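Chains as they are written, first to last, in the working numbering: chain D, -3 to 373; chain C, 396 to 670.
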């Protein structure tokens, strides 16, 4: 976790500054109770306070390191916070030692002989010790709270950034620039030569873009919608590739309403075109088939192209496949999966097959996505 | 040769584009921007592009970069290697929808390229440059320029997108002959030669065939030991005894302990210079 990017000395200096402020406050408090000795109070306070801070902060780091060694998964300890139990002990011991030492040093500087009168000495010792303890607890608590808040903010910020980056990469992998510009180039030609066909192609492009850009807002949709989006994409590719791309979509009626994660098949279909059929001289056939097999839903994308591993896969492809696997794992853990393998029959090519439990998406997820969509719309 | 010689009455061109509509579109746009241009061939893949260009010797080749079979860049590479000496090499214009790597390499060389969709103004400017260069009639500059550009591209893109995920070095090749698999240590290989869908692996003792492409094999070899000297030939540098240049720019390589002479193409001839 990247909670605090600032260097170590940065936090140290900040805590030092806070300590000095706390020392001033203690000196003022003592002056209010015992007027006319502000200078003296300030001297004692400025010597005892920083010593207490060093003892407590040092103790904190040592304790945190110890805790982190014993419990490596304790994030707070790794970041220097051993917990309040340890801190109570550190404060009591650290402040007592630092106070005693600091008092002796301040006495020597101020030229005040330690009192020999038992009760007077005890009173002179005990009250400021208590004050030091209280101040240390308050200062430590403040530091801790501030750093927790800063860490939480940084974590939230990092999570937001990661989510945005991931969304952007999904979008980039789906809106592959090569595909988009080639499609636009085809449109440009068609506008001049065959306006009705240009319009039909533009409608497909619009439907494809709307689905792609809106995919991040819905987590699931019916298999029928998934197949419609694939049909849009493949229609665009057919305009470009002509007879080199043959398509067969096979969705039985009883599977049309099954909810599946949005555009789950899209990366597989693009993969089949980009790395299977486009590099093959004569092109080939692409089949997308949905089947129910007992309590399993099986979705397969098969091409008769050059076969896996022939055309080098780019970052976008790898990311697309990883995304499919991640989404399946997030929904179904190890009960769903994606296999990518060479086709075994004479026609060759690649088969990508998704298997997941039936019904495909838990109804709770699907219905929860709907009201949110409506609220945004 | 006088520089004010007019361009040939009918300049000729080849279009290599795998998408039929785009090929038609480019043909139509060229008819408008360059009425005198005659399209002598329209092909849909890189291999046919090189073959047709060598057969018809057009003045200009418009090559789509991403095509099935061989890419436009590979087609240009094949043309530059096999083009007969003294004959005028075509001016090459690459066409691409979006191909960062290729464009990056060529941008620095100020080569001609067009992005799809092709804008009329951009095409007009391109045509004006092409006509001017044709009018200058310098047969060897086009070839020299293309060779330079291709060298820059070949140097800049060892596998281009896949370069950062370099596969591990190959130690042993496995060549199967019927039911037997021959284990051939890479250390014993003298050279690799592409042969259709296979690569011929030549050692001092014998040849083997492995079912892979030179393009896939190359990143797995140590490039300091194995030099590519032709688009279909990779030779162990230490096995080369002499390199002899002929007047056409080709270099003939004699190997230690082998009778055959290998040919390094003009694209790789610069590897062999006296120190």
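C-beta atoms are modelled at their ideal positions from N, C-alpha and C, and glycine is treated no differently.
All values derive from a computational prediction rather than experimental measurement.
Which residues, taken in chain order from the stretch 506 to 521 of chain C, show a beta carbon closer than 9 Å to some beta carbon of chain D? 510, 511, 512 and 513
Quick check on DSSP: helix, strand or coil for residue 504/C? Low local confidence applies: a pLDDT of 46 at residue 504/C is under 50, so the model's placement there is unreliable, with the coordinate-based value given in what follows. The answer is coil: DSSP assigns residue 504/C none of H, G, I, E or B.
In angstroms, rounded to a whole number, what distance separates the CA positions of residue 654/C and residue 597/C? 12 Å
For residue 587/C and residue 576/C, believed in contact at Cβ under 8 Å, the rounded distance: Wrong, their Cβ atoms sit about 18 Å apart, outside the cutoff.
Assuming residue 352/D is part of the beta strand (DSSP E), what are its boundary residues? 346 to 353
Alpha carbon to alpha carbon, how far is residue 269/D from residue 410/C? 24 Å
Span separating the alpha-carbon of residue 469/C from that of residue 549/C: 10 Å
Contained beta strand (DSSP E) runs [length at least 3] in the stretch 233 to 281 of chain D, N- to C-terminal order: 241 to 246 and 255 to 257
Using a Cβ cut-off of 8 Å, which residues of the stretch 259 to 276 of chain D contact any Cβ in chain C, in chain order? 274, 275 and 276
Using Cβ-Cβ distances below 9 Å, what residues of the stretch 192 to 210 of chain D are close to chain C? none
According to DSSP, is residue 454/C part of a helix, a strand, or is it coil? coil
Residue of 183/D, 235/D and 207/D minimising C-alpha distance to residue 223/D: 207/D
Would you say the beta carbon of residue 352/D comes nearer than 6 Å to a heavy atom of the ligand MG? The ligand MG is not part of the structure shown, which contains no ligands of any sort.
Simplified DSSP assignment, three categories, for residue 571/C: strand
When the Cα atoms are used, what is the spatial distance from residue 97/D to residue 44/D? 8 Å
Mind pulling the chain C residues with CB within less than 9 Å of residue 180/D? 492, 511 and 512
So, helix, strand or coil for residue 491/C, using DSSP? strand
Could you say which of 252/D, 170/D, 22/D and 147/D lies nearest to residue 7/D if we only look at CA atoms? 147/D
Does the distance from the CB of residue 605/C to the CB of residue 657/C come in under 7 Å? no
To which residues does DSSP link residue 476/C through a beta bridge? In the DSSP output, where bridge partners are listed per residue, residue 476/C has none listed.
Option in 166/D, 232/D and 283/D with minimal Cα separation from residue 198/D: 232/D
Mind pulling the beta strand (DSSP E) runs of 3 or more residues that sit fully within the stretch 613 to 664 of chain C? 621 to 625, 628 to 631, 635 to 640, 646 to 650 and 656 to 659
Do we get a CB-CB distance below 7 Å when we pair residue 565/C with the residues of chain D? no
Residue 299/D, enclosing beta strand (DSSP E) - first and last residue: 292 to 299
Determine the direct distance from the alpha carbon of residue 42/D to that of residue 20/D, and round the result to whole angstroms. 8 Å
Could you work out which residue in 288/D, 238/D, 320/D and 86/D is closest to residue 377/D when comparing CA atoms only? Lying outside -3 to 373, the shown extent of chain D, residue 377/D is not represented and no answer is given.
Opening and closing residue of the alpha helix (DSSP H) in which residue 333/D lies: Premise fails: residue 333/D lies in the beta strand (DSSP E), 333 to 338, not in any alpha helix (DSSP H).
Cβ separation of residue 620/C and residue 632/C, assumed to be a contact under 8 Å, to the nearest whole Å: 6 Å
Quick check: the Cα distance between residue 357/D and residue 73/D, rounded to an integer number of angstroms? Note that residue 357/D scores a pLDDT of 48, beneath 50, so its modelled location is shaky and nothing firm can be said.
Return helix, strand or coil for residue 555/C, following the three-state DSSP convention. Note on residue 555/C: pLDDT 40, under 50, position unreliable in the model; no value is reported.
Between residue 173/D and chain C, is any beta-carbon pair separated by less than 7 Å? yes
6 Å CB neighbourhood of residue 572/C in its chain, flanking five on each side removed: none
Whose Cβ in chain C lies nearer than 9 Å to the Cβ of residue 241/D? Under the 9 Å cutoff, chain C gives no residues; its nearest Cβ is about 11 Å from residue 241/D.
Would you call the stretch 236 to 256 of chain D in contact with the stretch 279 to 297 of chain D, where contact means no fewer than 3 C-beta pairs closer than 8 Å? yes
Closest Cα partner of residue 443/C within the set 474/C, 536/C, 617/C and 580/C: 474/C
Straight-line CA distance for residue 615/C to residue 183/D? 42 Å
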